[in-house]
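Single-structure report; data block below.
Chains as they are written, first to last, in the numbering used here: chain E, 46 to 304; chain L, -17 to 296.
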């Protein structure tokens, strides 16, 4: 459904991303893992059409169901981004306007994409329930939400707009680990129920390996290894992947009950 | 060596630390403080280095009292504890080169004679895995990992009895983190370091500490040997925390707490503060605060500790 070929992102003379190929199918989750400066987030921004707005030059091809997105006008892109491709970020609160109640943000987005007022209300409430939030939270202002709630709201927005592709950039990296577990659970269920195609960007190999089917490891702007999660975890082929795996601090797992 | 007794810290109406008692023996020794945002772990670290004034309670290092000290003792106290923060940029002056930044610490506490400063700077840089040349660099000419090494070198410069490490590797990439953790483990043995390691990462604490205290909303809920507490936690909150850690596997951790509105630290739940999220909560938990008691070879503040322990033994 999403086909990326020879994607290059440049800032002036400096190339920050050079991804030869990345494919994402309906109902599939692909992870991109890398450290600071690996180009993982910029790859996501380029796919979502946000990179040019950041002053980057984007080359290559990003096709959504065969339609080329690179070089589309801002207007055409905005329509696709709002409706078909949704993006969530590490700091969910930053994507919510602080002066509007959560519900108003939903209504504006839905009405912009052609829903009637009554229908928009209904879809907002339904979307909130799908991420296990009470629709009552629609009356709150963003600062009245916890970090976990704000990220659920951002996800609910993607659900309400019936996005087909969800690009998640470090969506749980700012959250406490118990809240992270809840958000990952929500994403995994949604992905299965709505057949979302999800691109999940993270520095955390453990999180990615849990939620993704396939993973791409990025280093210095390039994908150095890609494959099914189990293959990458158990038979890493690139030395950098092996270094990354070895560096993850691990907890001792209890084997047998102690006496 | 470090003794924290019944520490209470208030920020306005919020009781950030509510009666915490902990201790760290003389080095080499590490006590890990774990807990999520708002648990009070950073506030405890700040109180130990006198960056935050407690409402009540006592903090002593080798008998020196942090808050009721005479002037001379206060200087000695300041020299005996140092802190390393998550973000080294918050402590390094962007316009000061590494050498002078370390020298400043040597001078402030008159650690060695002036003539020995340059050699001591080189020695400290080498100890943290940097080279003598790094003394001429400005902070922005160093990587994040190198800047954290400089912050550690500067803390070591005054030969403290105790170092508070507040999320020292949380801002670093995982491969860089691995090397800084290795450095801390090495320094600990070479220099008989004692430290309080504040971290949200249970695995990091398990690797560097023999003791651990788990905090929830300003109170210690479980405390004991790190290997025991983190591998076989008894308190339902520690169990939830442990379960939620994602592992390098193809399955996700299942959420282990009951879904509830996040607690309001200004108005914490009565009884056991964890009860709204606790899968084992009974009526007593809603009204009576559980006091720490020994269950399963560690201190646990939970009315249902025995039942929880039985569950973990399957």
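The beta carbon of each residue, even a glycine, is placed where N, CA and C say it ideally should be. Since this is a predicted model, take the numbers as computed values, not measurements.
Helix, strand or coil at residue i [DSSP, three-state]
i                      : result
residue 336 of chain L : Residue numbering for chain L in the displayed model covers -17 to 296; residue 336 of chain L lies beyond these limits and cannot be assessed.
residue 140 of chain E : helix
residue 121 of chain L : helix
residue 301 of chain E : With a pLDDT of 49 at residue 301 of chain E, under the threshold of 50, the modelled position of this residue cannot be trusted; read the value that follows with caution. DSSP places residue 301 of chain E in coil when its eight states are reduced to three.
residue -7 of chain L  : strand
residue 261 of chain E : strand
residue 88 of chain E  : helix
residue 243 of chain E : strand
residue 47 of chain E  : strand
residue 131 of chain E : strand
residue 218 of chain L : helix
residue 290 of chain E : helix
residue 253 of chain E : helix
residue 194 of chain E : helix
residue 35 of chain L  : coil
residue -17 of chain L : coil
residue 77 of chain L  : coil
residue 105 of chain E : strand
residue 179 of chain E : coil
residue 223 of chain L : helix
C-beta contact flag for residue i and residue j at 8 Å
i                      : j                      : result
residue 251 of chain E : residue 229 of chain L : yes
residue 218 of chain L : residue 290 of chain L : yes
residue 36 of chain L  : residue -10 of chain L : yes
residue 253 of chain L : residue 271 of chain L : yes
residue 137 of chain L : residue 202 of chain L : no
residue 197 of chain E : residue 228 of chain E : yes
residue 156 of chain L : residue 80 of chain E  : yes
residue 210 of chain L : residue 165 of chain L : no
residue 281 of chain E : residue 267 of chain E : no
residue 71 of chain E  : residue 240 of chain E : yes
residue 180 of chain L : residue 39 of chain L  : no
residue -6 of chain L  : residue 187 of chain L : no
residue 256 of chain E : residue 74 of chain E  : yes
residue 94 of chain L  : residue 116 of chain L : no
residue 104 of chain E : residue 57 of chain E  : no
Candidates the options: closest to residue i by CA position
i                      : options                    : result
residue 172 of chain E : E:285, E:93, E:201         : E:201
residue 88 of chain E  : E:111, E:63, E:109         : E:63
residue 225 of chain E : L:125, L:227, L:160        : L:227
residue 248 of chain L : L:-1, L:-16, L:-15         : L:-1
residue 2 of chain L   : L:-8, L:44, L:235          : L:-8
residue 298 of chain E : L:236, L:231, L:214        : L:214
residue 195 of chain E : E:50, E:137, E:234, E:162  : E:137
residue 74 of chain L  : L:135, L:293, L:49, L:189  : L:135
residue 269 of chain L : L:280, L:176, L:251        : L:251
residue 163 of chain E : E:74, E:177, E:174, E:148  : E:148
residue 28 of chain E  : E:75, E:110, E:84          : Only positions 46 to 304 of chain E appear in the structure, and residue 28 of chain E is not among them; the question remains open.
residue 99 of chain E  : E:141, E:61, E:246, E:255  : E:61
residue 58 of chain L  : L:80, L:231, L:81, L:31    : L:31
residue 160 of chain L : L:288, L:117, L:189        : L:189
residue 154 of chain L : L:129, L:172, L:173        : L:129
residue 87 of chain L  : L:62, L:111, L:285         : L:62
residue 267 of chain L : L:110, L:256, L:275, L:277 : L:256
residue -13 of chain L : L:20, L:49, L:33, L:21     : L:49
8 Å contact criterion, which residue i and residue j should meet: CB distance rounded
i                      : j                      : result
residue 169 of chain E : residue 155 of chain E : 7 Å
residue 238 of chain L : residue 221 of chain L : 7 Å
residue 140 of chain L : residue 64 of chain L  : 6 Å
residue 69 of chain E  : residue 210 of chain E : 7 Å
residue 244 of chain E : residue 92 of chain E  : 7 Å
residue -3 of chain L  : residue 200 of chain L : 6 Å
residue 169 of chain L : residue 194 of chain L : That pair is no contact at about 20 Å.
residue 260 of chain E : residue 177 of chain E : Contact doesn't hold; Cβ gap of about 27 Å is too wide.
residue 235 of chain E : residue 274 of chain E : Actually they are not in contact, since the Cβ atoms of residue 235 of chain E and residue 274 of chain E sit about 19 Å apart, beyond 8 Å.
residue 197 of chain L : residue 17 of chain L  : 3 Å
Beta-bridge partners of residue i, as assigned by DSSP
i                      : result
residue 57 of chain L  : Bridge partners of residue 57 of chain L: none, in fact.
residue 215 of chain E : Bridge partners of residue 215 of chain E: none, in fact.
residue 59 of chain E  : E:56
residue 179 of chain L : L:14, L:147
residue 2 of chain L   : L:-11
residue 280 of chain L : L:277
residue 202 of chain L : L:197
residue 76 of chain E  : E:245, E:260
residue 66 of chain L  : L:147
residue 43 of chain L  : L:-16, L:46
Heavy atom of the ligand SAM within 7 Å of residue i beta-carbon
i                     : result
residue -6 of chain L : Inclusion of the ligand SAM in the displayed structure is not the case, the ligand content being empty and no account of it being possible.
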